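Peer 1: Per full-length UniProt numbering, the very first residue in the sequence shown carries number 1; after that it's consecutive.
For glycine and all other residues, C-beta sits at the position ideal for the given N, C-alpha and C.
Note that this is a predicted model, so its numbers are computed, not measured.
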Amino acid sequence: MAVRLGFVSLRISAAEKDAVVVFYRQRIGMSIMAERTSSAAHVSESVFLGFEGQPQSAWLELQLGRQTSIGPYKHKRSDAYWKIGLALRDVDFATECLRNAGVSVSKASQFFDIGYLTHISDPARYTIELLQHDFDQHVRRIGPNDVKGDHPLGQSVGVGQITLRVTKLDETLRFYRDVLGMAYLSRQPVDEYGFVLHFLGTTSESPPDSDINAVANREWLWKRPYTQLELQHVPSMASITFPDLANEAGFVGIGFFAPADELAAVKRRLVDSGVPLCSEQCDTSVYGAAAFAVIDPEGVRVVFMEQP
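Here it is, written out as structure tokens:
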């Protein structure tokens, strides 16, 4: 199917809108890609943010709660949603830029044989990972002549990953890989912390090494222009949790883009594969008349809409 991982949807309070949007624009370098009013019961407006000139990089949808006051986002390790990851050339340079702008940033480090990374939080307390294209020992530092002066992080940036936690790994892989046709690109065990990371992409590319576990594929993966779906599987976790979106901020779901003339075929294939459509509890009006939603095996809302 001709679909592309398009966006992740996060609920914030209306009072947080200005601070959060300013943060992503002035500190991260995103632009407002679209703004739409909503008729949904608990949402008044959606703001879509993304990176200009990065057509395969996913957007961030900020849904503004209709209530005058909703509870703040509080991350739990059992949550279905973990983070977005930003892919970039030089994490230390980006860290310096953020600190100079007053953003608190943890010290970056090489995380086993996964990648060189660090984390920050936006004003609504959602986690953002900064993941370097290359491992620490292979980094291509940004010199004075390399600085991208019009970008707050001094370099080109894209959304590399949208990270979800899963307990039903086999069913979830079947849904995204076999039904949606995503390529299963990498499997990365982190035995020290008791979880395994699985990466899928809407691409026809194949990693350079055919071994799904190969460390050699990882730096290649972090340089891809398209956003990957990262599934963190924790075998010891019995279930994952979702926010009470009627009363608190939190993760709403993810979305895929499809060409307008192929959206109906995507819907047909999902239905023919036994995937139930989500109608009453999934208001998709903000995404256009042809948009629809399903629920994945973990309970995550997955929207399909026309390519903007």
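Identify whether ASP18 lies in helix, strand or coil by the three-state DSSP scheme.
Peer 2: By one-based count along the sequence shown, residue 18 stands at place 18. In this structure, ASP18 counts as helix in the three-state DSSP scheme.
Peer 1: Note down, in chain order, each residue of its chain lying with its Cβ closer than 7 Å to the Cβ of LYS168, except the 5 sequence neighbours on either side.
Peer 2: For the purposes of this step, residue 168 is taken as the residue at position 168 of the sequence shown. PRO297, GLU298, listed in sequence order.
Peer 1: Three Cβ pairs or more, each shorter than 8 Å: is that satisfied between the segment 134 to 142 and the segment 202 to 209?
Peer 2: No, the segment 134 to 142 is not in contact with the segment 202 to 209.
Peer 1: On a CA-only basis, which of THR227, LEU86, TYR126 is nearest PHE256? Give me that one, please.
Peer 2: Along the sequence shown, read from residue 1 onward, the residue named residue 256 stands at position 256. Cα-wise, what sits closest to PHE256 is THR227.
Peer 1: List the endpoints of the continuous beta strand (DSSP E) containing THR37.
Peer 2: Counting from one through the sequence shown, the residue named residue 37 turns up at place 37. Residues 31 to 37.
Peer 1: I believe VAL266 touches ASP113 by the beta-carbon criterion, under 8 Å. Please report the beta-carbon distance rounded to the nearest angstrom.
Peer 2: By one-based count along the sequence shown, residue 266 stands at place 266. By one-based count along the sequence shown, residue 113 stands at place 113. Actually they do not touch by this definition, with Cβ atoms about 36 Å apart.
Peer 1: Kindly indicate which residue of LEU153, LEU229, GLY288 has the alpha-carbon position closest to the one of ALA94.
Peer 2: The residue labelled residue 94 in the question sits at position 94 within the sequence shown. Closest option to ALA94, Cα to Cα, is LEU153.
Peer 1: In chain order, what residues of the same chain have a beta carbon less than 6 Å from the beta carbon of VAL196, not counting five sequence neighbours either side?
Peer 2: The residue given as residue 196 occupies position 196 in the sequence shown. Same-chain partners within the cutoff: PRO189, HIS233.
Peer 1: Across the segment 156 to 166 and the segment 79 to 90, are there enough close Cβ pairs to call them in contact, namely three or more that are closer than 8 Å?
Peer 2: Contact holds: three or more Cβ-Cβ distances are below 8 Å.
Peer 1: Quick check on HIS138: does DSSP put it in helix, strand or coil?
Peer 2: The residue you call residue 138 lines up with position 138 of the sequence shown. In the structure shown, HIS138 sits in a helix (DSSP, three-state: H, G or I).
Peer 1: From LYS74 to THR118, what distance separates their C-alpha atoms?
Peer 2: The count along the sequence shown starts at 1 and reaches residue 74 at position 74. The count along the sequence shown starts at 1 and reaches residue 118 at position 118. Rounded to the nearest angstrom, the two C-alpha atoms are 20 Å apart.
Peer 1: Looking at C-beta atoms only, is the number of pairs between the segment 14 to 28 and the segment 49 to 62 that lie closer than 8 Å three or more?
Peer 2: The segment 14 to 28 vs the segment 49 to 62: in contact.
Peer 1: How would you label ARG27, buried or exposed, when you count the other beta carbons within 10 angstroms and need 16 or more for buried?
Peer 2: As a first step, residue 27 must be located in the sequence shown, where it is residue number 27. It is buried - the Cβ of ARG27 has at least 16 other Cβ atoms within 10 Å.
Peer 1: Considering only residues of the same chain and omitting the five flanking positions on each side of TRP220, which have a CB-CB separation below 8 Å?
Peer 2: Residue numbering aside, residue 220 sits at position 220 when the sequence shown is read from its first letter. PRO207, PRO208, listed in sequence order.
Peer 1: Going by CA-CA distance only, name the one from ARG77, ALA87, GLN63, LYS76 that's closest to GLN54.
Peer 2: Within the sequence shown, the letter at position 54 stands for residue 54. Residue ALA87 is the option with its Cα nearest to GLN54.
Peer 1: What does DSSP give as the partner residues of GLN188 in its beta bridges?
Peer 2: Here residue 188 corresponds to residue number 188 of the sequence shown, with the count starting at 1. Paired residues: LEU197.
Peer 1: My parser needs the beta strand (DSSP E) runs of 3 or more residues fully inside the segment 77 to 139; what are they?
Peer 2: Runs found: 81 to 88, 109 to 111, 115 to 121, 127 to 132.
Peer 1: Would you tell me roughly how many angstroms separate the C-alpha atoms of ARG224 and CYS97, rounded to the nearest one?
Peer 2: Position 224 of the sequence shown holds residue 224. Position 97 of the sequence shown holds residue 97. Approximately 23 Å between the Cα atoms of the pair.
Peer 1: Let me check understanding here. Comparing Cα to Cα, which of ASP146, ASN213, SER44, TRP222 lies closest to GLN63?
Peer 2: For the purposes of this step, residue 63 is taken as residue 63 along the sequence shown, with counting starting at 1. The shortest Cα separation from GLN63 among ASP146, ASN213, SER44, TRP222 belongs to SER44.
Peer 1: Would you give the residue range spanned by the alpha helix (DSSP H) that THR284 belongs to?
Peer 2: On the sequence shown, residue 284 is found 284 positions in, with the first residue counted as 1. Careful: THR284 lies outside any alpha helix (DSSP H) and carries neither H nor E.
Peer 1: For a quick check, are the C-beta atoms of MET241 and SER78 less than 7 Å apart?
Peer 2: Along the sequence shown, read from residue 1 onward, the residue named residue 241 stands at position 241. Along the sequence shown, read from residue 1 onward, the residue named residue 78 stands at position 78. In the sequence as displayed, the identity of residue 241 is Thr instead of Met. Taking 7 Å as the Cβ cut-off, THR241 and SER78 qualify as a contacting pair.
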